[in-house]
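Enquirer:
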Amino acid sequence: MTRVAVLGGHGKTGRSVLAALEGRGAVGVPLGRADWPDLAGALRGCDAVYVVAPNLHPDEPAYVAAAIEAARVARVRRIGYHSVASPYAPALPHHVGKAVAEDLVRRSGLAWTILQPGAYLQNLDLTGPVRLAYRAEAPFGFADLREVGEAVATVLLEPGHEGATYELASRRSSVAELAAEAGVEVEVVSPRQWAATDGAALGEREREWLLAMFDYYDRHGLPVGTLPLAALLGRDAEPARRA
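Start counting the sequence shown at 1302; every next residue gets the next number (the working numbering).
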């Protein structure tokens, strides 16, 4: 039975990946901060590892480098890395960190696959008014968290995905369209308003990184195509009405 470690396995992405792995008959091993003192020991006996760094990590390349080294020591030859859509965006510091980490994964000497999901649909609370610090009509490729987990299970449990990089999105839309479908209002606030309210409790670095992200979203959105995820899951792409 294939044994797959999920580094970051206690977060929402990790839990989704573990559920998908176990649904395919694999053994999922959730790893987190408590395992870092002896990460190589925690990885021993695993056939693969999927690396999910904490959101807005201050030094994601260092985090990923440590995971790669632990995998080498534990003789885990298969690695998947949870990146992001459009990692090579100089205006987005946390995306750039993932771009550098991708390079480390590609040069690791391990059998690697990189997944680049769009913004999660589940990050939007559509049970009431939605508050944004960027234009509601900005184009996005949204990824369903459950489908991302299924994609991870596919690439790590089936052959043929070594050396591949896949962008992942379940549907193309905007927050305005999703809110209209849910029958809720969208409130757009200025970045300054957001920083003084929703972002006030964050650290300065996290707040500045998110403000940079909102500015990028306001200008460009984060478009992601849906065909790669559909192909990985063996289903048709989204209906044309969602384009």
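Beta carbons are placed, not taken as given, at the ideal position from N, Cα and C, and that holds for glycine.
Values in this document were obtained by computation on a predicted structure and should not be read as measured data.
Nearest by alpha-carbon distance to Pro1440: which of Phe1515, Glu1370 and Pro1331 is it?
Expert: The residue with the shortest Cα to Cα distance from Pro1440 is Phe1515.
Enquirer: Spatial neighbours of Pro1388 within its chain, please: CB distance less than 8 Å, with the 5 preceding and 5 following residues excluded, ordered by chain position.
Expert: These residues qualify, in order along the chain: His1396, Val1397, Lys1399, Ala1400, Glu1403 and Gln1417.
Enquirer: Would you mind stating whether Tyr1545 and Ala1306 have Cβ atoms separated by less than 9 Å?
Expert: Since the first residue of the chain shown is 1302 and the last is 1544, residue 1545 is not available in this structure.
Enquirer: State the start and end residues of the unbroken alpha helix (DSSP H) segment that holds Arg1407.
Expert: From DSSP, the alpha helix (DSSP H) with Arg1407 extends over Pro1394 to Arg1407.
Enquirer: What does the Cβ neighbour count give for Ala1368, buried or exposed, with the cut at 16 atoms within 10 Å?
Expert: Buried, by the Cβ-count rule.
Enquirer: Where DSSP assigns a beta bridge to Pro1331, which residues make up the other side?
Expert: Answer by DSSP bridge pairing, in chain order: Val1307.
Enquirer: At the level of alpha carbons, what is the spacing between Thr1527 and Gly1346?
Expert: Spanning the two alpha carbons is a distance of roughly 35 Å.
Enquirer: What residues are listed by DSSP as bridge partners for His1383?
Expert: The partner list for His1383 (beta bridge, DSSP) reads Leu1416.
Enquirer: Report the option in Leu1433, Arg1373, Ala1390 and Leu1479 whose CA atom is closest to the CA atom of Trp1413.
Expert: With distances taken between Cα atoms, Trp1413 lies closest to Arg1373.
Enquirer: Need the endpoints of the alpha helix (DSSP H) that Ser1475 sits in, please.
Expert: No alpha helix (DSSP H) contains Ser1475, which DSSP labels as neither H nor E.
Enquirer: Three or more beta-carbon pairs under 8 Å between the segment 1454-1464 and the segment 1312-1328, yes or no?
Expert: Touching, yes.
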